[in-house]
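Enquirer:
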Amino acid sequence: MALCVGLVRPLVQAGVYGALGAAVLIVVTGAVCCLAVQHSLAAGWMFEHNVRRRFRAVCRERRLTTRDDRDNVVYPGLSRLIGNGAVLNARIRPLFGQSLADWERAAPAFALAYAVAAVRFRDNGDGSLTLLAGYQPLEAREFVMNEAEPVEGVDWRERLASVVVGTTEGGQPFALPFLDSHILIAGITGAGKGSVVWSAALALLPAAKAGVVRFWGIDPKRLELAMGRGFFGDRYANTDEQAVQLLERAAAEMLERAEGLAGHARRAEPSVLHPVNVLFIDELGYLSALMPDRKLRERAEKALSAILVLGRAAGFVVIGALQDPRKEVLNFRDLFPTAVAMRLRKPMVDLVLGAGMYEAGAVCDQIPPPKAGGAGVAFVVSEDSGIPVCVRFTWCPDDLIRKTAAELEPLAMRPQIAAN
Ligand SMILES: Nc1ncnc2c1ncn2[C@@H]1O[C@H](COP(=O)(O)OP(=O)(O)OP(=O)(O)O)[C@@H](O)[C@H]1O
1 MALCVGLVRP
11 LVQAGVYGAL
21 GAAVLIVVTG
31 AVCCLAVQHS
41 LAAGWMFEHN
51 VRRRFRAVCR
61 ERRLTTRDDR
71 DNVVYPGLSR
81 LIGNGAVLNA
91 RIRPLFGQSL
101 ADWERAAPAF
111 ALAYAVAAVR
121 FRDNGDGSLT
131 LLAGYQPLEA
141 REFVMNEAEP
151 VEGVDWRERL
161 ASVVVGTTEG
171 GQPFALPFLD
181 SHILIAGITG
191 AGKGSVVWSA
201 ALALLPAAKA
211 GVVRFWGIDP
221 KRLELAMGRG
231 FFGDRYANTD
241 EQAVQLLERA
251 AAEMLERAEG
261 LAGHARRAEP
271 SVLHPVNVLF
281 IDELGYLSAL
291 MPDRKLRERA
301 EKALSAILVL
311 GRAAGFVVIG
321 ALQDPRKEVL
331 NFRDLFPTAV
341 AMRLRKPMVD
351 LVLGAGMYEA
361 GAVCDQIPPP
371 KAGGAGVAFV
381 VSEDSGIPVC
391 VRFTWCPDDL
401 IRKTAAELEP
411 LAMRPQIAAN
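If you're matching positions, the sequence shown starts at 1 in the UniProt record's numbering and goes up one per residue.
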């Protein structure tokens with residue numbers, strides 16, 4: 001329009017023919033604008049019409065409809081359609097008696113109908129569901145330190161079972177369990193595995209300061225965990241030999257604790273006497289398969305399996321990050337109840353999250369590259385949910401990690417209080 005005004009002014013100034021030319025130009029510009037608006041409205045209408053038509057067809061075929069007293073077909077509600085061919089976000093009002101699982105069973109049929117890789121459903125907690133197809137952009141958020149001191153008599157079991165580390169697609173806080181679980185993180189280089197590790201470490205800081213959580217760090221790359229060296233006290237290793245020794249030390253402490261508990265309790269209650277031990281292992285695949293020395297590799301594998309199999313009840317949690325989740329690289333996949341899949345190639349997704357999870361909506365290959373806003377984004381599947389949830393982990397700036405590590409260092413160095 002500005003271009004049109006720019007052209008019209010000199011024409012009008014040029015006299016009668018100029019004015020005529022200006023009138024023609026205005027009419028032509030107006031017509032083009034009208035056509036463009038009409039076209040975009042028509043495209044929007046067509047999009048919505050197609051989504052609704054296919055939605056109803058799938059609902060009918062997958063028995064997600066019912067009939068009223070006059071035998072008319074009654075469909076679930078569909079509203080707030082947003083999207084284009086590749087991405088779709090729509091709110092569904094299910095019929096009474098339907099569950100999230102009923103809709104999930106129909107997800108592959110919806111994906112086929114909408115010609116997208118996968119469709120997933122989210123329970124909005126208000127009686128509605130959201131149908132999601134494709135990757136939906138998630139805003140980056142910086143970690144905000146919770147400076148509040150834990151109140152006296154805090155239930156550490158409850159707290160550690162659900163620690164907020166990011167935001168879900170629906171804008172809700174997203175929490176991971178740091179008790180009775182192990183967490184596997186997989187993503188190509190630059191996917192943002194570091195933000196999962198540091199969101200967890202920073203969110204666990206109040207528990208670490210209270211002496212209820214102890215961090216361990218195995219850092220073969222010497223880059224990721226070294227930034228927060230002070231978190232780990234003397235429980236940090238960055239050479240092959242040291243890494244194996246540290247794993248063996250953790251396994252021995254775990255067995256000692258399990259023996260102490262035997263006959264008294266089924267599991268360790270998080271406390272200063274029985275702190276939860278959170279073992280961060282960067283490049284887990286290196287320890288489990290790629291370390292050049294075979295003997296060291298075997299020792300690492302033995303200690304790691306012991307911690308993964310027996311550690312949950314004794315209060316040992318492994319958080320392992322890797323780039324290549326192929327079976328030959330990681331034999332322990334099934335020992336991690338919680339899996340975090342970041343940007344990955346399609347065939348890798350089910351290896352990390354479990355069979356059928358790509359089809360259930362974990363489109364990790366559609367997470368954009370880090371520079372295009374995909375860093376720190378992941379699909380997470382936990383033992384409890386069993387379905388992929390799309391999450392963006394909080395962004396933890398290097399300065400915050402270093403500053404916090406320096407503060408925590410004297411506390412991380414304090415000796416463990418003997419339990420008996
Ligand atoms: N949660 C996040 N929000 C926004 N940006 C992020 C987030 N996480 C990571 N980034 C950006 O992505 C970059 C790469 O992240 P990071 O180093 O954690 O990846 P990585 O998966 O650990 O890579 P590598 O395997 O090579 O170590 C960071 O330097 C940062 O700029």
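Cβ coordinates follow ideal geometry from the N, Cα and C atoms, glycine included.
Can you check which of these residues, P137, I92, E142 and R159, is closest to R122 by C-alpha distance?
Expert: Selected option, being the one with the closest Cα: I92.
Enquirer: With a cut-off of 8 Å, do at least 3 Cβ pairs link the stretch 330 to 337 to the stretch 196 to 210?
Expert: Too few Cβ pairs lie closer than 8 Å, so no.
Enquirer: Let me make sure I understand the geometry here. Which of V165, G171 and A191 has the alpha-carbon closest to that of G373?
Expert: It is A191.
Enquirer: Between residue 421 and P270, what straight-line distance do the alpha-carbon atoms span, to the nearest angstrom?
Expert: No information on residue 421 is available, as it lies outside the stretch 1 to 420 that the chain covers here.
Enquirer: Taking 7 Å as the line, does the beta carbon of P325 fall inside it for any heavy atom of ligand 1?
Expert: No.
Enquirer: State yes or no: is the C-beta of F231 within less than 8 Å of the C-beta of L400?
Expert: Cβ atoms of F231 and L400: not closer than 8 Å.
Enquirer: Taking the continuous alpha helix (DSSP H) assigned at D350, which residues delimit it?
Expert: Segment K346 to L353, the alpha helix (DSSP H) holding D350.
Enquirer: Would you say V391 and T167 are within 8 Å of each other, going by their C-beta atoms?
Expert: Result yes, Cβ atoms of V391 and T167 sit closer than 8 Å.
Enquirer: What is the DSSP secondary structure of F379, counted as helix, strand or coil?
Expert: If DSSP states are grouped into helix, strand and coil, F379 belongs with the strands.
Enquirer: For A115, name the three-state secondary structure that DSSP assigns.
Expert: Looking at A115 - three-state DSSP - the assignment turns out to be coil, as it is neither helix nor strand.
Enquirer: How far does the alpha helix (DSSP H) with W216 in it extend, from its first residue to its last?
Expert: Run containing W216: none in the alpha helix (DSSP H); it sits in the beta strand (DSSP E), V213 to I218.
Enquirer: Buried or exposed: S199, going by 16 or more other Cβ atoms within 10 Å of its Cβ?
Expert: Per the 10 Å Cβ criterion, buried.
Enquirer: Just mark A186 as buried or exposed, buried being the case when its beta carbon has 16 or more other beta carbons within 10 Å.
Expert: Looking at its Cβ environment, which holds 16 or more other Cβ atoms inside 10 Å, A186 is buried.
Enquirer: Just the Cα atoms here: how many angstroms apart are C4 and W45?
Expert: Its pLDDT being 47, under 50, C4 is placed unreliably in this model, and the value from its coordinates should be taken loosely. If I take the Cα positions, the gap works out to 29 Å.
Enquirer: Quick check on P173: does DSSP put it in helix, strand or coil?
Expert: The answer is strand: DSSP assigns P173 an E or B state.
Enquirer: Figure out for me which residue from T239, R343 and L351 has the closest Cα to the Cα of I367.
Expert: Selected option, being the one with the closest Cα: R343.
Enquirer: Quick one, which of L247, D234 and V197 has its alpha-carbon nearest L223's?
Expert: It is V197.
Enquirer: Under 8 Å between the Cβ atoms of A107 and G361?
Expert: Yes, the pair counts as a contact, with Cβ atoms nearer than the cut-off.
Enquirer: Would you be able to state if there are at least three C-beta pairs under 8 Å between the stretch 169 to 185 and the stretch 111 to 131?
Expert: Taking 8 Å as the limit for Cβ pairs, the verdict is that the stretch 169 to 185 does touch the stretch 111 to 131.
Enquirer: Quick one: does the C-beta of A201 sit closer than 7 Å to a heavy atom of ligand 1?
Expert: Flag unset: Cβ of A201 not near ligand 1.
Enquirer: With DSSP as the reference, label G60 as helix, strand or coil.
Expert: A small correction: the amino acid at residue 60 is Arg; Gly does not occupy that position in the sequence shown. Three-state DSSP puts R60 in a helix.
Enquirer: Does DSSP put G228 in a helix, a strand or coil?
Expert: Three-state DSSP puts G228 in a helix.
Enquirer: Quick test of your reading: residue 432 and A268, contact by CB under 8 Å. State the CB separation rounded to the nearest angstrom.
Expert: Here the chain has residues from 1 to 420 only, and residue 432 is not among them.
Enquirer: Cutting at 6 Å between CB atoms, please list the residues of its own chain near A101, excluding the five before and the five after it.
Expert: Around A101: no qualifying Cβ.
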